[in-house]
Ligand SMILES: Nc1ncnc2c1ncn2[C@@H]1O[C@H](COP(=O)(O)OP(=O)(O)O)[C@@H](O)[C@H]1O
Ligand SMILES: [Mg+2]
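Residue numbers (our numbering): 1 to 330.
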């Protein structure tokens with residue numbers, strides 16, 4: 001590798017509900033890269049309408065050249081700091097692969113497996129990764145209302161109804177009244193053609209950061225989201241009025257539970273073919289440990305868990321980035 005500084009394109013935004021969160025995360029990644037003298041980070045926004053803009057000026061990728069009205073740098077590497085579409089859905093990664101540009105984070109296939117909540121469940125069941133009991137409804141299939149009601153009855157009249165392809169708790173409903181079940185499934189169809197119906201777990205929400213360093217995949221100790229209402233909604237996630245607390249290292253968890261969560265997290269990461277990073281979310285209850293979901297490009301805001309859990313292992317975030325980028329550029 002030459003000693004010239006490497007141009008790292010930091011992409012953020014996109015058309016999803018987490019556009020603004022992605023803007024905050026990208027600033028964090030950009031600031032970390034700025035501290036590394038061999039990298040020259042360049043921020044580009046994908047607007048909600050899908051246009052590329054750098055500092056408010058129209059820009060585009062032409063092969064590996066970023067074209068802006070004032071400059072045309074050669075792009076060595078891309079970090080798609082995008083939560084939700086088109087980043088966690090895998091689209092941007094497919095696009096970068098067609099241009100043969102190396103990038104940070106998992107590839108298109110594992111991204112889309114983890115983004116679609118129904119597909120994720122199919123993988124978890126096949127891999128025997130413990131997860132909550134579930135069924136799913138498809139918009140174009142006959143609505144088998146009795147089947148959904150039977151599932152509701154069998155699961156203590158307490159389920160979550162979730163649109164398959166949303167994040168940030170959008171299109172996600174906690175249903176405890178039988179009459180609400182079918183209307184909520186239909187409401188979730190406004191977001192996605194596939195809707196997951198799963199048993200509510202009364203328990204704690206723990207998260208593990210899985211990360212690569214020196215080519216080795218590692219898992220952090222679990223952190224905890226302490227959400228008083230038991231439903232970590234969009235408001236609770238991002239509003240200043242949130243009552244939710246976080247604990248970078250979860251308390252009152254046995255070593256056995258920690259080891260089990262870490263081993264499930266590592267197994268999931270490897271078997272789904274993830275890369276570089278993921279935040280893996282669990283429920284811990286009296287009935288055991290259940291994997292809820294895998295976030296392939298987790299939030300990186302000042303209050304986000306992934307960077308904090310990573311740094312709690314003793315690894316600096318900029319070192320984590322540098323190590324993986326240099327490995328990919330070799
Ligand atoms: N089966 C469940 N049991 C209990 N709480 C749940 C369940 N599924 C979801 N939740 C609550 O809803 C939140 C959002 O659901 P999640 O599956 O994580 O979707 P998202 O991708 O929107 O974060 C979770 O953080 C949790 O608070
Ligand atoms: Mg979640």
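Cβ coordinates follow ideal geometry from the N, Cα and C atoms, glycine included.
Would a C-beta distance cut-off of 8 Å place residue 318 and residue 36 closer than the cut-off?
yes
The alpha helix (DSSP H) with residue 110 in it runs from where to where?
Looking at the DSSP string, the run of the alpha helix (DSSP H) that includes residue 110 is 108 to 115.
Could you pull the DSSP bridge partners for residue 7 from this structure?
Residue pairing from DSSP places residue 7 in a beta bridge opposite 40.
What runs of the beta strand (DSSP E), each 3 residues or longer, lie entirely inside the region 285 to 327?
288 to 295
Please indicate yes or no: does the CB of residue 314 lie closer than 7 Å to some heavy atom of ligand 1?
Incorrect: residue 314 has no Cβ contact closer than 7 Å to ligand 1.
Would you mind giving the Cβ-Cβ distance between residue 283 and residue 290, rounded to the nearest angstrom? I have them listed as a contact below 8 Å.
5 Å
Select from 306, 15, 118 the residue whose C-alpha is nearest the C-alpha of residue 48.
15
Alpha carbon to alpha carbon, what distance is there between residue 225 and residue 247?
Each residue's Cα considered, the two are about 7 Å apart.
Considering only DSSP beta bridges, list what residue 60 is partnered with.
67
Please determine whether the Cβ atom of residue 231 lies at a distance below 7 Å from any heavy atom of ligand 1.
yes
Here's the rule I'm using: 16 or more other beta-carbon atoms within 10 Å means buried, otherwise exposed. How should residue 263 be labelled?
exposed
Starting from the N-terminal end, write out each residue whose C-beta falls within a distance shorter than 6 Å of any non-hydrogen atom of ligand 2.
281, 293
What does DSSP give as the partner residues of residue 141 in its beta bridges?
Bridge partners of residue 141: none, in fact.
DSSP state of residue 161, grouped into three classes?
strand
Keeping to the same chain, check which residues put their C-beta closer than 6 Å to that of residue 40; ignore five residues upstream and five downstream.
5, 7
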